[in-house]
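**Q**
Protein chains in written order, with my numbering: chain A, 988 to 1099; chain B, 116 to 237; chain C, 20 to 395; chain D, 20 to 555.
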């Protein structure tokens, strides 16, 4: 869904807040302040913040912090949360050892 | 020390596997076969499973259903094992995880700059 | 009065963002239009992060060497972001006689254009990187190659270009270019918005082909999908960039400790997608098997994510850069054929210089858009 | 590659129900679930379900789970446990990890029934060991038989927060308080009352400011918030607890659907990112269905009906069922589902300001802000009756789709009528025989049997009691009011336990006559030590 999004729109300066050093992404230890600052540096989407700060890139792949990060970005931009697209969902749904991912079971053919 | 429920008003006596021994950071503890490692640890009063890589902050059970990965520890030498859903087996070697390794931070030579300075509490 | 800018850059990947950065830094009024909702959403954020010279086509090698000499070493300071650039060499591994021949061919070709790359045997390989399996018998070794973080580097170019006043608009997909009195002037978007510029740079990866066609230029390239995967963080092991003679996988260990590996299933060019870069169920297991043949002790490492991305693969595997005399005002910067990350600072700086001064330090003629001739 | 008629991902209420319906029409069905035990949420819900008989009302969640499992195996459904679906690809292909290898399987139709995961709200100290999700507490108690902690503070008063708090009390934990930033309790009033009457305090328009502790939780400080959820200085309150539970809502776990390319929408009313589905649960990809919490957060009862609808739709999609038969079945199920989606807590009324019951009776405000009915408010409700001799007193004051009390009374003393969400009334000439079935079967534990005058200056109040140790006849103690405050001395006159009560014991106590319509809980022990325990 392409929404024209002019990144030079003025969203005001980054203003530090008392809860800036609260950890939001528990796996990668990214704080609220880092996320808010990234928005003011031009990262206006969940995917850009994710690639810029690693939020949602840890072992749980954003299952815990996904919504929180989206909320912080939306409030910093002054837009409703539903206008932000969450990060893409990707295989694997759970971490999987390389040797297991590499081992494809021999299926009995047909409907065996 | 969180206790096990002996008798539940609705569920009665919780069914458990046979008692087994396992080690936690070298100490021998007891749990029941098949119950999650995290539950056996909790019954022995262990709350801290790991210390995070950047801030060296303590973490333990959070979601208990294998999703948040906060409860990961080094089990039989393999790091990042979700202990809240991994069944306990006899003789398992469970170790506190420091960043991604069983070695306490000071012994790791701490590869990346550590944010939380000072509290090397082990 | 339509939106105007001195230079309109089409495509917000690393190439488009870097060109915007080099131009905005010189005070040029730049407008960068990105079709998707995200900066760097194409190959820029899906590649294996190699910053390498070895194994490259000699026609594009000078550009990469120029970039490694002049930009990569201080790029983190310039972009005020941690590009995580490592210059700890590149090992391209081989196990069989066939591999040795391939590697020797690549090594000779590169040495002819002055790149320090040598063939080494298995023991030497394991001295440099003890984690490699005993089956590795030879490798080409280039000490000045390396790797970096494509995500922070791309977004770093974007962030700093924006700070220097470059205007970026995402979700603005270009569908048509229009001349005015013989000179390229207008850029028309799917949204109906129209922009005007003195110079228009086409850096939209594979999409550049359809856009260039609207002014009668055909850029022969096809869309090929590659896949990649990343593991959980591991204790630090090694810093070299890795590849193989048969290119069954390539990658490195990141500063974060996780391993990023790209690879192929052998079905490249024929895999099906649903309009988005969606993975095929065969590829990741195949990449894993490839990696484990070379790194046995990574077999317990957990994969946390796999992804896919399209390459804008040109007919001869090197990009199309430079001016287009038939369409005055059009500058091309696309067709990087899946290895546009390491070359980006070099290529983008030269394109910016070309626009600003009409000249470049590195000769680009070998990469002209009209180099494609019939075989006889 | 292995091919099934229907692959179901998730062996919870909706997944199993769909598998049953599909298998009944002769389809080859497999259900994959990543857990060791099937049943999903059902096996953690030990309270009695709401709804009507068809919705398996008054049966405990885990027993419904057992019934569903039996039904599934009877119709030949294969349930493969510890099987994690790690990916969904094009052409309806799934990659499933079983043991130490992966399997590529395809379904002519696929149902994603992966349920939901818990939302989180960050506060200072939220990463400390001891801060856990409410679902985590439920899992520890009901699946693994271990106490999450000794003294717990619950953040969130939706049904999950309320139900889990009660479960924590049941297994012997102390509930320090329930806290919610919202001005009103989010879950059912009856669930809140079950807690309030035991003395657990509610703090609405409050939230957590800081959790204390170095290596694990040792205490928590809450503070009042204004309408914009900003802390009001000076309103801090501290509790010494070793566990903080977070129950602030659920989000659909719809990653598999998004990964496969289904059209998604962000719908706050449904809890977040959900697939766009037609009324039978089919997503934008023909043959791919979604049912249960993954398609929109509701209760397990609606998840089971949605599952059946998806199972029937899959059967019709693959020609195992005629269109006519299918739409008849679907209409039936839709009716069932719609009557569950009525009343105050229906999705359509989410966020709407409701201040009267359907019967026009003003809703109790104390119930919504303190968790209990004030003595002067309770008289207005039809179930709150005064009679000579023993009679039911029903403190059910919100329109909820639920009628087990009407069906279970052998003397038909209680009537709700056809409108499932009507408030229960005690019929005029009710001939109550004090059998206690209504008290034991009420899912919300909101029915009491009261004999207002035993002739010797005392009254007898029978309450539902699901705690251990179960007091014996003759035990001295005191009665608590609806507000959990100590009311008067009380003596246990009878304790009844019966199979038909399904683990809800009936405790009858004698209290001074004037407290007959106020005494709603019993605590043993003499008056002295009791004072300390009463809510501050």
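Note that beta-carbon positions come from the ideal geometry of N, C-alpha and C, so glycine has one too.
Just the Cα atoms here: how many angstroms apart are residue 369/C and residue 349/C?
**A** Approximately 15 Å, taken between the alpha carbons.
**Q** Do the segment 353–363 of chain C and the segment 41–54 of chain C touch if we need at least three Cβ pairs shorter than 8 Å?
**A** no
**Q** Taking the alpha-carbon positions, what's the residue 98/D to residue 235/D distance?
**A** 39 Å
**Q** Residue 551/D to residue 143/D, Cα distance in whole Å?
**A** With a pLDDT of only 44 at residue 551/D, under the threshold of 50, the placement of this residue in the model should not be trusted, and no figure is reported.
**Q** Which of helix, strand or coil does DSSP assign to residue 348/D?
**A** helix
**Q** Report yes if the C-beta distance between residue 392/D and residue 263/D is below 8 Å; otherwise report no.
**A** no
**Q** How about the segment 220–233 of chain D and the segment 146–154 of chain D: do they share at least three Cβ pairs that are nearer than 8 Å?
**A** yes
**Q** With a cut-off of 8 Å on the beta carbons, I'd call residue 246/C and residue 302/C a contact; round off their distance for me.
**A** 4 Å
**Q** Cutting at 7 Å between CB atoms, please list the residues of its own chain near residue 134/B, excluding the five before and the five after it.
**A** 145 and 147
**Q** Using only CA atoms, which one of 93/D, 36/D and 46/D lies nearest to residue 340/D?
**A** 46/D
**Q** For residue 175/C, does the three-state DSSP call read helix, strand or coil?
**A** Helix at residue 175/C.
**Q** For a contact defined as C-beta to C-beta under 9 Å, what are the partners of residue 363/C on chain B?
**A** In chain order: nothing, as chain B lies at least about 26 Å away.
**Q** Quick one: grab the DSSP three-state call for residue 96/D.
**A** coil
**Q** Drop a sphere of 10 angstroms on the beta-carbon of residue 347/D, count the other beta-carbons inside from all chains shown, and report buried for 16 or more, exposed for fewer.
**A** exposed
**Q** At a Cβ cut of 8 Å, what residues of the segment 299–327 of chain C count as close to chain B, listed as they run along the chain?
**A** Within the segment 299–327 of chain C, the qualifying residues are 319 and 321.
**Q** Grouping DSSP H, G and I as helix and E and B as strand, with all else coil, what is residue 386/D?
**A** helix
**Q** Span of the alpha helix (DSSP H) holding residue 426/D?
**A** From DSSP, the alpha helix (DSSP H) with residue 426/D extends over 423–427.
**Q** Just to confirm, is the Cβ distance from residue 538/D to residue 530/D under 8 Å?
**A** yes
**Q** Can you tell me which of 270/C, 322/C, 179/C and 278/C puts its alpha carbon nearest to the alpha carbon of residue 1029/A?
**A** 179/C
**Q** Which residue's Cα is closest to the Cα of residue 998/A: 1019/A, 1016/A and 1023/A?
**A** 1023/A
**Q** Rounded to whole angstroms, what's the CA-CA distance from residue 300/D to residue 333/D? Just pull it up for me.
**A** 9 Å
**Q** How about residue 306/D: is its C-beta nearer than 8 Å to some C-beta of chain C?
**A** no
**Q** Going by other Cβ atoms of all chains shown within 10 Å of its Cβ, with 16 needed for buried, is residue 311/C buried or exposed?
**A** Buried: at least 16 other Cβ atoms inside 10 Å.
**Q** Quick check on residue 57/C - is its C-beta less than 8 Å from some C-beta in chain A?
**A** By this cut-off, residue 57/C is an interface position.
**Q** Compare the beta carbon distance of residue 418/D and residue 376/D with 8 Å and say whether it is the shorter of the two.
**A** Yes, the Cβ-Cβ distance between residue 418/D and residue 376/D is below 8 Å.
**Q** Exposed or buried, residue 410/D, counting other C-beta atoms within 10 Å across all chains shown (16 or more means buried)?
**A** buried
**Q** Between which residues of its own chain and residue 77/C is the CB-CB distance below 8 Å, once the five residues before and five after are set aside?
**A** 128, 129, 131 and 132
**Q** When you compare the CB positions of residue 202/C and residue 347/C, do they come within less than 8 Å of one another, or not?
**A** yes
**Q** Answer with yes or no whether the minimum CB distance from residue 214/B to chain D is below 8 Å.
**A** no
**Q** Let me know the beta strand (DSSP E) ranges lying completely inside the segment 237–298 of chain C, each 3 residues or longer, listed in chain order.
**A** 240–250, 260–263, 268–272 and 278–282
**Q** To be precise: take each residue of the segment 84–103 of chain D, compare its Cβ to all Cβ atoms of chain A, and keep it if any distance is under 8 Å. Which residues remain?
**A** 103
**Q** For a contact defined as C-beta to C-beta under 7 Å, what are the partners of residue 136/D on chain A?
**A** 1050
**Q** So is residue 372/D buried or exposed if we call it buried at 16+ other beta carbons inside 10 Å?
**A** exposed
**Q** In the DSSP assignment, the beta strand (DSSP E) including residue 195/B goes from what residue to what residue?
**A** 193–197
**Q** On a CA-only basis, which of 244/D, 108/D, 319/D and 397/D is nearest residue 326/C? Give me that one, please.
**A** 108/D
**Q** Work out the CA separation of residue 273/C and residue 219/B for me, nearest whole Å.
**A** 22 Å
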